[in-house]
Structures are given as structure tokens and as C-alpha cells.
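Structure record follows, encoded as C-alpha cells.
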Amino acid sequence: MKRIYLNTRIDSLSRREVARIGNMAFNWCRKYMGTNNRKHWLPKWYFSRWDSDPKVCGEYDDETNELFIYYRNLTDVRELIATIVHEWQHQLQPLRTQYYKYKGPYARNPFEIEAVQAERFYSKPLWETVKKKVNRGK
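Numbering-wise, my numbering puts 128 at position 134 of the sequence shown, and it's gapless, one number per residue.
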């Protein structure tokens, strides 16, 4: 079996392998980043082949508390991990406040800035924790 690295291309992995890595990453996020205590239930996550917009890698639905990862829109495992952290951060945010109604550029939305910062801060420790399990027995 092949070993999986951060630069392993998503299109070289099966859906099952992507979901396995993703589930480990989501469980890591729940444990180390926490959950939104304003919700009355834990978030659910789903892996879908793609969104109709190839630029969309993932999204969070604050009404249903569901996270969607469009794994075929991703390039590699690094982007999978970063997208999961990014969307998990949105799950933590109070999205029904004024910032959510932000009218400026997408990249300047304070919640997007915070999610990108979370990617930078959490992606490496997340991968350091799960890579041993991902490659166990390989």
C-alpha cells in the first residue's frame, strides 16, 4: 500500500481513503478546537464528490449545523485538511450576527479572515496527530 503525505493528490485516493482521513480530521477538530455551544446538537459532516462551482472546496450550513467537503474540488491532502479546519472554524463562529451580513469583499469578511488564520494555526498539528493513524500498516 502507498503511504499518504500532505502532497498526495486527492485524485489518487479512493473516496473511502478521503473519508477516512477526513473523519480523523473532523474528530481532531471536535476534540482540540471544540464545538459551538450555541447549537443544541453536534455538527454533522459529509463528503461529496464536488460542488457545481469548482472553486468551492467546502461549506458550512449554520441552520442545519452541517459541514460539506467537496473533495474532488481539492488538489491534495494538505488542502483537504485546511478545508476541514476552515469549515470547522465557521461552525464555531456566531454566524447570525452583523459580521455574517458583511457586504464587503469575501476575503475581507472577519469570519473568513478568522477561518484562514485557523487553517494556518491548526493544520500542521492536526496532520502531525492523524498521519500516524492514516499510514498505520502501510
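Glycine included, C-beta positions come from ideal geometry on N, C-alpha and C.
- For GLY52, the uninterrupted beta strand (DSSP E) run begins and ends at 52 to 55, by DSSP.
- Within the same chain, GLU106 come within 8 Å of TYR100 by CB-CB distance, once the 5 residues on both sides are set aside.
- Within the stretch 28 to 114, the runs of alpha helix (DSSP H) that reach at least 4 residues and sit entirely inside it are, in chain order, 71 to 86.
- In the DSSP assignment, LYS25 falls within the unbroken alpha helix (DSSP H) covering 9 to 26.
- Take MET27, set aside five residues on each side of it, and the residues of its chain with a beta-carbon closer than 8 Å to its own are VAL79, TRP82, GLN83, LEU86, ALA112 and TYR116, in chain order.
- Beta-bridge pairing by DSSP links ARG3 to ASP70.
- A straight-line Cα-Cα distance of about 16 Å links GLU73 and TYR54.
- When secondary structure is reduced to three states using DSSP, LYS(-4) falls in the coil class, being assigned neither helix nor strand.
- Note on geometry: alpha-carbon atoms of GLY98 and ARG32 lie some 26 Å from one another.
- Minimum Cα-Cα distance from LEU0 among the listed residues VAL110, ALA76 and PHE20 corresponds to ALA76.
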